[in-house]
Amino acid sequence: PSVPRHTNRLINEKSPYLLQHAHNPVDWYPWGQEAFDKAKTENKLIFLSVGYSTCHWCHVMEEESFKSKEIGEIMNEHFVCIKVDREERPDVDKVYMTFVQATSGGGGWPMSVWLTPDLKPFAGGTYFPPEDGVHRVGFRTVLLRIAEQWKENKDALLESSQRILVALQHTSEIRVQGQESPPPAKEVMDTCFQQLSRSYDEDYGGFSKSPKFPTPVNLNFLFTYWALHRTAPEGARALQMALHTLKMMAHGGIHDHIGQGFHRYSTDQHWHVPHFEKMLYDQGQLAAMYSKAFQISGDEFFADVVRDILLYVSRDLSDQAGGFYSAEDADSYPTTTSREKREGAFCVWAAEELRALLPDPVEGATEGTTLGDVFMHHYGVEEAGNVDPMKDPHQELRGKNVLIARSSLELTAARFGLEPGQLSALLQECRQRLSSAREQRPRPHLDTKMLAAWNGLMISGFAQAGAALAEQRYVSRAAEAAAFLRKHLFDPDSGRLLRSCYRGKDNSVEQSAVPIQGFLEDYVFVIQALFDLYEASLEQGWLEWALHLQHMQDKLFWDPKGFAYFSTEAGDPSLLLRLKDDQDGAEPTPNSVTVTNLLRAASYSGRMEWVEKAGKILAAFSERLQKIPITLPEMVRATAVFHHTLKQVVICGDPQGEDTKEMLQCVRSVFSPNKVLMVADGDSAGFLYSQLPFLASLERKDGKATAYICSNFTCSLPVTSVQELRGMLSP
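Per my numbering, the sequence shown runs over residues -5 to 725.
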């Protein structure tokens, strides 16, 4: 590569996204005091650009505007320009996204916001094209107009920014109203189910026409709704909606049939043409959802999808030190000699390419059939490409095919005169060949930042899969990642989590000069992961660490006046708002997950103040839960868990004994959303015994492994039969 013409301060950062912009002609600053001081000293406006390294439109805006010498000069002359990686600093992103959504009715990335020198927003949007078009004002024009306004109408701008801030503070406040108590679970659950049912796509699954996101929170809610309404028609429908959605996604182009794992979302109703980036948080949550689908249905199809996701993450998103990387990009070079990246280039296929790779005649099939014929029929390949031009505005996928399973194994087998088992083996061979061919293509950019929160979600995915599929290697991988977090993203001196670390030179793990402290989501998703890992591994050290982190979360983020947790700590003067997220999206909002965490923490520690806290969160969100529960399906699910009280399933026995293992396997194979599992192994000096004195009174019956189902520390009669235990586990 040629020597870069420009280098700015971002060259000293660790974030892959910031480093992507280190050679722009724009004089970028990272978010921090140096930039704020410059804006105040020179009385300049701030231009804030927020994105992430695998964001397609962020790349487009960089190519068109931030690499332009002319636009760079305008930006440098009139503004102090700040770049933020939203994955590193979700706090900064959330404050200004709240503003952009409130003032423009939409949001997304790249986010472009103009601030006064004291960081108050007054204008903003997302992607801007560089020049004026028929329907949109160009970025250059916007920059010049705003610079002119600052020169001519400074006082009016300052006044307006102050008014906007006051309004945002008022509208974004979530607090308990008067003496509110948690909303009634049945009504909230039923309303949420009805709202999801109305938006459900009967044909293709999912909950909108397009674009379509996996939204695991909806599926998690539906599984719990089914578990609590098993014998009712609504329960059956909830289960059908969830399982059909998971099947259609797995067959669709959103699922990478050659390289495994799932892309971020589908641009169409059919789960066919995705935006091709792959995010760690999706893999973690989807591994957990497909594991639950397998637990409930016993269908190996779902177990295979779990294995597929975890293979992808183990191979492509894993650091050798044990952590998980954040994401893989959508864009890559089609060939080693290409000058321009294209979206999806790594994943798509031309028909003639497939014919050349799969020319072999198929034994036993109708005369003249090749592997290519069978594969192309099964995966919907067309000679001219199978991508609707409406879903390909830049013509990057013209003539290409996104693989989508268009036919069942049985139908494809019947068409070519094959047995389904034989066909399955043939398709597997084809996929392996295509995988080898794909390895010769230039890979998409890999974001090697490691985030505590997203690592937490992935640890849960591995731990839940290990438990549900009885695969010890997945539990071991979860434990390896948890040990990585403890070593690299936890400060034992302060007892606090850190947000991020990075793959450095020679594959070492590096930290920023000033590490970013963990946010609420980091604590919540890591605590959830540690509970999941304890239940899968029975290592009490994970439990002990989870309870320590829960105390720390209470100290740093709890709102004693309005209840629930703030997303950020107090005391950062550069953050204008201290917010509480109020919507479950691609990831659940931390307050939703923490309700269940608190109930689990209370069950493992006997601290009933954590149950009280869970109730207070539900009270703070009560109005939203009753009016539009579909925006918080994970919190609605937690409302049911809160009202049904968690069952403590205690197994008394030697963890290495066959009878104990059999009981544990029984507990892990049953989907029961309102249980926690623990083993009382007779070690009265152990951590669990120190937290829960009642365990000392439970003993084995007739020397066999014995189960007790306890509620609020009062226990059932002892059970030694696996069949009897299975019956007691259903909600």
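Note that the Cβ used here is the ideal one computed from N, Cα and C, for glycine as well.
In whole angstroms, what is the alpha-carbon distance linking residue i and residue j?
| i | j | result |
| --- | --- | --- |
| F122 | L612 | 40 Å |
| L274 | R480 | 19 Å |
| L403 | A29 | 59 Å |
| F513 | E563 | 7 Å |
| H53 | F116 | 25 Å |
| E71 | T110 | 16 Å |
| A407 | E413 | 6 Å |
| L305 | Q254 | 7 Å |
| G676 | N395 | 59 Å |
| V375 | E347 | 11 Å |
| H388 | W51 | 12 Å |
| R258 | A523 | 22 Å |
| M452 | G316 | 12 Å |
| E146 | N585 | 44 Å |
| N380 | A399 | 12 Å |
| E515 | L593 | 17 Å |
| Y198 | V267 | 14 Å |
| A690 | P623 | 42 Å |
| D126 | S59 | 13 Å |
| R130 | P554 | 46 Å |
| L12 | S494 | 14 Å |
Taking residue i as the reference, which of the options has the closest Cα?
| i | options | result |
| --- | --- | --- |
| A461 | N70, A226, P712 and E656 | E656 |
| S454 | N395, C424, V518 and A580 | V518 |
| L527 | A459, R497, E271 and H223 | A459 |
| A475 | V307, R601 and I622 | V307 |
| L483 | P383, Y496 and A473 | Y496 |
| Q544 | V589, P582 and L573 | V589 |
| M465 | R336, F270, Q659 and S59 | Residue identity check: residue 465 is Glu in the sequence provided, not Met. Among R336, F270, Q659 and S59, the Cα nearest to that of E465 belongs to Q659. |
| F478 | S429, Y319, E603 and N591 | Y319 |
| Q642 | S705, I140 and V131 | S705 |
| P(-2) | L4, E7, T625 and N18 | N18 |
| H371 | D382, M384 and R349 | R349 |
| F73 | Y46, W22 and E58 | W22 |
| D323 | V661, S599, T48 and C646 | T48 |
| Y598 | L671, V661, L550 and H264 | L671 |
| Q505 | E82, S684 and S429 | E82 |
| E167 | C646, F615 and V713 | F615 |
Can residue i and residue j be called in contact, C-beta distance under 9 Å?
| i | j | result |
| --- | --- | --- |
| P104 | K443 | no |
| L213 | A236 | yes |
| F688 | F707 | yes |
| A339 | E390 | yes |
| A726 | A345 | The question about residue 726 has no answer, for the chain in this structure spans -5 to 725. |
| V644 | A699 | no |
| F557 | V605 | no |
| A595 | A540 | yes |
| L532 | P667 | no |
| L438 | T330 | The identity of residue 438 in the sequence shown is Pro, whereas the question assumes Leu. In this structure, T330 does not lie closer than 9 Å to P438 by Cβ. |
| Q163 | L491 | no |
| A297 | L463 | yes |
| H193 | S202 | A quick correction: the sequence has Ser, not His, at residue 193. In contact: S193 and S202 (Cβ atoms closer than 9 Å). |
| S561 | P210 | no |
| T633 | P124 | no |
| V78 | G45 | yes |
Near residue i, what residues of its chain come up, given a Cβ to Cβ distance below 6 Å and the 5 sequence neighbours on each side ignored?
| i | result |
| --- | --- |
| V520 | A446 and G450 |
| L216 | A232, M235 and A236 |
| G489 | M546 |
| P509 | L492 |
Using a Cβ-Cβ cutoff of less than 8 Å, which residues in the same chain neighbour residue i once the five nearest sequence positions on both sides are dropped?
| i | result |
| --- | --- |
| F256 | P208, M243, I248, H249, D250, K272, D276, Q277, L280 and I303 |
| E538 | F681 |
| Q314 | N501 |
| V356 | T363, T364, L365, D367, V368, F410, L412 and L420 |
| L151 | T110, F116, Q143 and W144 |
| E334 | Y327 |
| A457 | Y468, V469, A472, A523, D526, L527, E529, A530 and S531 |
| F665 | F217, A221, K286, Q289 and I290 |
Within a Cβ cutoff of 7 Å, which residues of the same chain sit near residue i, ignoring the five residues on either side of it in sequence?
| i | result |
| --- | --- |
| L352 | T364, L365, G366, F369, C424 and R427 |
| Q156 | K114 |
| S106 | S43, G118, G119, T120 and F122 |
Report task. With a floor of 4 residues, list each alpha helix (DSSP H) that falls wholly inside the segment 658 to 711, ordered by position along the chain. Result -> 681 to 685
Query - Ranges of the alpha helix (DSSP H) found wholly within the segment 506 to 590, counting only runs of at least 4 - result: 514 to 531 and 534 to 551
Query raised in the report: Which runs of the alpha helix (DSSP H) spanning at least 4 residues fall entirely within the segment 367 to 439, listed in chain order?
Result: 403 to 410 and 414 to 432
Report task. List in chain order: all unbroken alpha helix (DSSP H) runs of 4+ residues lying wholly within the segment 17 to 95. Result -> 27 to 36, 50 to 55 and 63 to 72
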